[in-house]
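In the UniProt record's numbering, the protein residues as written are 1 to 225. The C-beta atom is built at its ideal place from N, Cα and C for all residues, glycine as well. This structure is a prediction, so every number in the text was calculated from the model and none was measured. Structure, as structure tokens:
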């Protein structure tokens, strides 16, 4: 209800039901307002007053507000769906990339594991081979066989790592590794050659029936032309 017009800044606290006058606390105590008039507090007046009827403008405003809020809700939902789909797509891409990286690293580790296991098997076979040779061969033959094995192993390990599994190529490389370099290295012959013209008699040969007189004389005939 606001402030009292006669005693500002006092607030209006009561309403006279008989004369419909708005009164503050000082109006009730200091003015000559009839005492038999019925007073009621502003709170009771507010509670007893009927609710205001909405006007046409207010209804149209409410309809526009509801439509605007509905459009905003649809926009927010569309943005939410777009963000959710984008997040799902990025999550799927990340999962795919992580799976690919995991597969590649697993394959690399498996390859290393197979290589290590192959080396371990080779070492175990070598140990068993040495033990078998020591049990079966005399000491001298065992040392010779072991030296031959070491030479063969020094040749075979690099070849096997290069995956040269062709038997002919393997035998060729093995033979080249055992032959001295003077046998396998190409030879280049360099030098000079002097050419001297021979005598006429030497060029034509001895006397024959087709050559009367021949060219056996001490002085060869002169060649004309």
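| query | What number of angstroms, rounded off, separates the C-alpha of residue 106 from the C-alpha of residue 135? | reply | 43 Å
| Does the beta-carbon distance from residue 40 to residue 11 come in below 9 Å? | no
| field | The beta strand (DSSP E) enclosing residue 39, as first and last residue numbers | value | 39-41
| query | What are the boundary residues of the alpha helix (DSSP H) that residue 27 is part of? | reply | 25-30
| residue 228 - containing beta strand (DSSP E), residue span | With the chain covering only 1 through 225, there is no way to say anything about residue 228.
| request: Verify whether the separation of the beta carbon atoms of residue 26 and residue 3 is less than 9 Å. | output: no
| message | Tell me the rounded alpha-carbon separation between residue 122 and residue 129. | response | 10 Å
| Assigned exposure category for residue 19 - 16 Cβ within 10 Å defines buried | exposed
| field | Residue from 108, 83, 33, 15 with nearest C-alpha to residue 46 | value | 15
| What is the DSSP secondary structure of residue 3, reduced to helix, strand or coil? | DSSP places residue 3 in strand when its eight states are reduced to three.
| Taking the DSSP output, what are the residues bridged to residue 22? | DSSP output for residue 22 lists 15 as bridge partner(s).
| field | alpha helix (DSSP H) runs wholly inside the region 71-99, at least 4 long, in chain order | value | Complete alpha helix (DSSP H) runs here, min 4: none at all.
| task | Report buried or exposed for residue 73, applying the criterion of at least 16 other Cβ atoms within 10 angstroms of its Cβ. | result | exposed
| task | Under 6 Å Cβ to Cβ from residue 60, same chain only, skipping five residues before and after it: list those, please. | result | none
| request: Enumerate in chain order the residues of its own chain whose CB-to-CB distance from residue 37 is below 8 Å, with the five nearest sequence positions on each side excluded. | output: 16, 17, 18, 19
| message | By the three-class DSSP mapping on this structure, what secondary structure does residue 59 have? | response | Three-state DSSP puts residue 59 in a helix.
| message | I believe residue 67 touches residue 42 by the beta-carbon criterion, under 8 Å. Please report the beta-carbon distance rounded to the nearest angstrom. | response | Contact doesn't hold; Cβ gap of about 38 Å is too wide.
| task | Specify the secondary structure class of residue 238 as computed by DSSP and reduced to three states. | result | Since the first residue shown for the chain is 1 and the last is 225, residue 238 is missing from the structure and cannot be characterised.
| Rounded separation between residue 96 and residue 82 - CA only | 21 Å
| said: Tell me the rounded alpha-carbon separation between residue 23 and residue 50. | reply: Approximately 22 Å between the Cα atoms of the pair.
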